[in-house]
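In the working numbering, the protein residues as written are 148 to 292.
No residue lacks a Cβ here, since even glycine has one placed at the ideal position from N, Cα and C.
Since we're looking at a predicted model, the values are computed, not measured.
Take a look at the structure below.
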């Protein structure tokens, strides 16, 4: 293979590694949040009972814990969209391979398929409040934007 081909393969591989790291980060976020809350409670328990800092830390932990429990109960991922996104990504990778080995005109099809796959996958893999059909209820943007 020549350097042009290797550069295209490297770009695809780096994209796959970046997606894998994002997924790994998302799975590690939950235990890290719980660990942080536990550490804060341990610190609060070391403070005197009549300390203003203890009540501040305790109320902060209670607020964040209530938010965490609410998120766990109401936010979810959309497995159908994740599966379709992965299917498009795999199909796009096959089209990239075809474009590299056979004919460069396959890039015109490979690029949109990969873009659709990555955008669909990232949209549905994140935990959000969703309706019964799996569509996000809010986009996370304020109405003023």
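DSSP state of residue 211, grouped into three classes? Taking the first residue of the chain shown as position 1, residue 211 is located at position 64. Annotated three-state conformation of residue 211 is helix, per DSSP.
Using 8 Å as the threshold, is the segment 226-241 in touch with the segment 267-277, meaning 3 or more CB pairs across them? yes
Buried/exposed call for residue 232, threshold 16 Cβ in 10 Å: In the chain shown, counting from the first residue as 1, residue 232 sits at position 85. By the neighbour-count rule (16 or more Cβ atoms within 10 Å), residue 232 is buried.
Extent of the continuous alpha helix (DSSP H) to which residue 258 belongs: Locating residue 258 in the chain shown gives position 111, where the first residue counts as 1. Residue range 254-272 is occupied by the alpha helix (DSSP H) that includes residue 258.
Would you list, in sequence order, the uninterrupted alpha helix (DSSP H) runs of no fewer than 4 residues that lie entirely inside the segment 220-253? 226-248
Residues in the same chain with beta-carbon distance under 8 Å from residue 212, minus the five sequence neighbours each way, listed in chain order, please. In the chain shown, counting from the first residue as 1, residue 212 sits at position 65. Excluding positions up to five away in sequence, the list reads 184.
Where residue 159 falls: helix, strand or coil (DSSP): Position 12 of the chain shown holds residue 159. Residue 159 falls in the helix class under three-state DSSP.
Through-space distance from residue 217 to residue 288, alpha-carbon basis: To locate residue 288, count along the chain shown from 1; it is residue 141. To locate residue 217, count along the chain shown from 1; it is residue 70. Low confidence applies here, because residue 288 scores a pLDDT of 48, under 50, leaving its location unreliable and the question unanswered by this model.
Expressed to the nearest angstrom, what Euclidean distance is found between the alpha-carbon atoms of residue 258 and residue 248? Along the chain shown, one-based indexing puts residue 258 at 111. Along the chain shown, one-based indexing puts residue 248 at 101. In this structure, the CA atom of residue 258 is about 16 Å from the CA atom of residue 248.
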